[in-house]
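A.B. asks: For reference, the structure I am asking about is given below.
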Amino acid sequence: MQQKVVAIDGPAGAGKTTVARALAARLGYVYLPSGTFYRALAWKALETGTPLDDEAALARLADVTAMDIRVADDGRCVARVDGADVSAALGSAAVGDAASRISVFPEVRRRMVGLQRRFAEERPVVAEGRDMASVVFPKAEHKFYLDASVEERARRRALDLRQRGEEADEGRLVHEIAARDRRDSSRQAAPLRQVEGAVRVDTTRLSVEEVVERLLRAMGHRA
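And the structure:
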């Protein structure tokens, strides 16, 4: 069966998650939140005290961890790790930073890619992440790359953290996001990049609906 996949890549804070969710709803596809797989493993690593710089230990942890990632009818991403619902914990800044750190390791990525591909079997998906078009789904029907200014991405992240009840310093977030960009784009395993043929959209001054409409038009759908 030929997979139907829309692949959306881009840096943190570019709007991938919100746009991918909305686009999936418009198309009647399933939303695949690739970052949740890494966050789930990062959460387990933090809980178990597994060193975030030990690739072999992280790979072993992935092998013995049962991860069940699903998207509820209301669009919420539900993540269960070893049977426990950890969805609420995965949005924290600490887990996000840990996920970015462990994602540089090829053995970790290999295991996560396998899980993501199985998620997409026999159902159309809108997949968002940093290597959806380059590694996970290189034959995706449609490929997009979303970007935004570092300042705008920091503003969005600060808003998200405050809504979760966490403190947020936008100045500090600008530096953290810039550092994460460097880490994601320079890693040896699946570096963040815009693949050939992907449609680039700068979301800095666009609403979610405006971005979705641009993607739909690029796919040949009427607005």
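Counting from 77, one number per residue, gives the positions in the sequence shown under my numbering.
C-beta: ideal position from N, C-alpha, C; glycine also.
1) Kindly list the residues whose CB is nearer than 7 Å to the CB of residue 295, restricted to its own chain and excluding five residues on each side of it in sequence; keep chain order.
2) Using 8 Å as the Cβ pair cut-off and three pairs as the minimum, do the segment 168-181 and the segment 115-135 touch?
3) Do you know how far the Cα of residue 199 is from the Cα of residue 173?
4) Exposed or buried, what is residue 264 when buried is set at 16 or more other beta-carbons lying within 10 Å of its beta-carbon?
5) Under 6 Å Cβ to Cβ from residue 275, same chain only, skipping five residues before and after it: list those, please.
6) What's the call for residue 87, buried or exposed, on a 16-neighbour Cβ count within 10 Å?
7) Cβ of residue 81 within 7 Å of Cβ of residue 287?
8) Out of 272, 229, 237, state which residue places its alpha-carbon closest to the alpha-carbon of residue 251.
9) Closest to residue 152 by CA distance: which of 100, 257, 79, 248 is it?
10) From residue 133 to residue 184, what distance separates their C-alpha atoms?
11) Closer than 8 Å by C-beta to residue 231: which residues in its own chain qualify, once you throw out the five before and the five after it? Chain order, please.
12) Would you kindly check if the distance between the Cβ of residue 91 and the Cβ of residue 222 is under 7 Å?
13) Which of the three DSSP states, helix, strand or coil, is assigned to residue 214?
14) So, for residue 169: in the same chain, excluding its five sequence neighbours on each side, which residues have a beta-carbon less than 7 Å away from its beta-carbon?
15) Which residues does DSSP list as the beta-bridge partners of residue 203?
C.D. replies: Checking against the coordinates, here is how it stands:
1) 218
2) With the cut-off at 8 Å, the segment 168-181 and the segment 115-135 touch.
3) Rounded to whole angstroms, residue 173 to residue 199 spans 31 Å at the Cα level.
4) exposed
5) 220, 294
6) In the assembly as shown, residue 87 is a buried residue. Its beta-carbon has 16 or more other beta-carbons within 10 Å.
7) The answer is no: Cβ separation not under 7 Å.
8) 229
9) 100
10) 10 Å
11) 246
12) yes
13) In this structure, residue 214 counts as coil in the three-state DSSP scheme.
14) 237, 242
15) Bridge partners of residue 203: 83, 108.
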